[in-house]
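Using our numbering, the first residue of the sequence shown is number 2, and each one after it goes up by one. Where a beta carbon is used, it is the ideal one built from N, C-alpha and C, also for glycine.
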Amino acid sequence: MTAVPRRMLVLGGGPVGVEMAQAVRRFGGEVALIEGAPNLLPRESGPLGEALAEVLRRDGIELFLGVRAAAARRENGEYVLDLGASGELRGDRLLVATGRRPRVDNIGLETVGVNADGRGVPVDSRLRASERLWAVGDITGIWPLTHVGKYQGEVVASNILGEPREADYDAVPRVVFTDPQAAAAGATDGRFSGTARLSELAKTETYTRAYAESNGFLTLLADGKRLTGAYALGPEAGEWLQQATLAIRARVPIEVLRDTIQPFPTFSEIYVEALKSLRGQIAATQQPVDVAAR
Ligand SMILES: Cc1cc2nc3c(=O)[nH]c(=O)nc-3n(C[C@H](O)[C@H](O)[C@H](O)COP(=O)(O)OP(=O)(O)OC[C@H]3O[C@@H](n4cnc5c(N)ncnc54)[C@H](O)[C@@H]3O)c2cc1C
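Next up, the structure:
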């Protein structure tokens with residue numbers, strides 16, 4: 002695009018759709034986004050998509066959630082999306098952000114022992130696709146993210162160099178580069194959950210003023226003893242969620258996390274409150290302690 006669209010239609014509310022929708026809106030174009038699932042970021046936990054929807058609506062983006070486009074056509078120089086019972090939408094630009102598929106057909110992969118399918122090139126835990134043949138990145142159909150591809154590259158290099166190594170996809174971090182960022186790591190739901198709001202952070206006055214209106218938050222998910230997942234909305238959330246990524250990956254006990262000192266005044270302080278909330282949820286399911294009998 003060489004000019005800001007007058008009105009852009011975005012088909013798909015995944016990471017690419019929401020990032021592009023916000024960018025064009027903030028450049029001054031009108032934007033309408035259509036997502037077939039009930040929430041934005043449908044592969045993530047519902048509350049994350051809901052909170053991001055609030056941000057995008059505040060930006061002035063029209064959201065059509067739980068609405069599927071039945072057909073698209075061009076008419077009088079415009080793109081028209083037919084939304085069935087929800088009517089039609091028109092715009093001078095249409096961005097189709099409904100995902101990517103591997104191109105594996107008709108290039109003779111079967112001749113080198115690779116049985117590619119709709120997901121891409123199947124690999125084992127060492128990323129081996131066939132005899133002396135490895136695959137990394139989106140083509141493996143495993144978490145189509147740059148950092149996952151880079152990690153797989155490291156694993157393959159180790160294996161080729163004779164240091165056997167298996168890929169482990171526990172706690173893969175995902176970051177959506179909207180403003181504020183939406184980030185997630187590990188599982189998307191868990192037995193216990195604890196949430197803290199960014200607006201409640203005991204930060205300096207400057208921070209408090211800046212984020213008092215924010216709907217940012219951190220949710221931690223746990224099995225009772227350790228974190229299993231986490232998601233957050235907030236400035237640079239992709240950075241401070243990495244504490245949770247490491248905790249999930251290293252199976253750090255919740256009691257150690259609770260005893261970890263978070264610096265003042267940082268976004269990381271939100272962990273203190275989220276852990277309090279999480280521990281409260283866990284305690285509520287345990288046997289009550291009879292204090293008088295002690
Ligand atoms: C708009 C957008 C934004 C994204 N943002 C992020 C982000 O912020 N963070 C993140 O982690 N990930 C992001 N991703 C995903 C990220 O781009 C991919 O996970 C990453 O590029 C995968 O790397 P790859 O090397 O496996 O594949 P690719 O980067 O797709 O590279 C594959 C290359 O192979 C070439 N190719 C294909 N077939 C053939 C053939 N037959 N012969 C020769 N060449 C061929 C293609 O042209 C391409 O250049 C984004 C994706 C999109 C579309």
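Could you tell me the boundaries of the beta strand (DSSP E) in which residue i lies?
| i | result |
| --- | --- |
| Met9 | Arg8 to Leu12 |
| Pro181 | Element bounds for Pro181: n/a, residue is neither H nor E. |
Per the DSSP calculation, residue i is bridged to which residue(s)?
| i | result |
| --- | --- |
| Asp118 | Gly121 |
| Asp83 | Ala72 and Glu89 |
| Thr196 | Thr220 |
| Ala186 | Pro174 and Ala231 |
| Glu63 | Ala33 |
On a CA-only basis, which of the options is nearest residue i? Give me that one, please.
| i | options | result |
| --- | --- | --- |
| Gly121 | Trp135, Arg133, Gly109 and Asp139 | Asp139 |
| Val228 | Trp241, Ile249 and Arg133 | The residue asked about is misnamed: residue 228 is Leu in this sequence, not Val. Closest option to Leu228, Cα to Cα, is Ile249. |
| Asn216 | Leu199, Gly225 and Gly61 | Leu199 |
| Pro165 | Ala245, Gly195 and Gln153 | Gln153 |
| Gly15 | Asn116, Gly235 and Ala184 | Ala184 |
| Ile108 | Gly100, Arg101 and Asp118 | Asp118 |
| Leu95 | Ala33, Ala172 and Gly61 | Ala33 |
Answer yes or no: do residue i and residue j have a C-beta to C-beta separation smaller than 8 Å?
| i | j | result |
| --- | --- | --- |
| Ala197 | Glu274 | yes |
| Glu167 | Arg129 | no |
| Glu31 | Asn40 | no |
| Ala233 | Phe218 | yes |
| Arg91 | Val81 | yes |
| Leu134 | Phe193 | no |
| Gly239 | Leu221 | no |
| Val19 | Pro6 | no |
| Phe268 | Gly235 | yes |
| Asp83 | Ala98 | no |
| Trp144 | Val173 | yes |
| Ile255 | Leu242 | no |
| Arg8 | Asp93 | yes |
Which stretch, first to last residue, makes up the alpha helix (DSSP H) that contains residue i?
| i | result |
| --- | --- |
| Asp60 | Gly47 to Asp60 |
Give a yes or no on whether 8 Å exceeds the smallest Cβ distance from residue i to chain D.
| i | result |
| --- | --- |
| Gly15 | Note that chain D does not occur in the displayed structure, where there is just one protein chain. |
Residue ranges of each beta strand (DSSP E) within the region 217–279, 3 or longer:
218–223 and 228–235
What ranges does the beta strand (DSSP E) occupy inside the region 93–171, keeping only unbroken runs of at least 3 residues that lie completely in it?
94–97 and 129–131
Let me know the alpha helix (DSSP H) ranges lying completely inside the region 9–44, each 4 residues or longer, listed in chain order.
16–27
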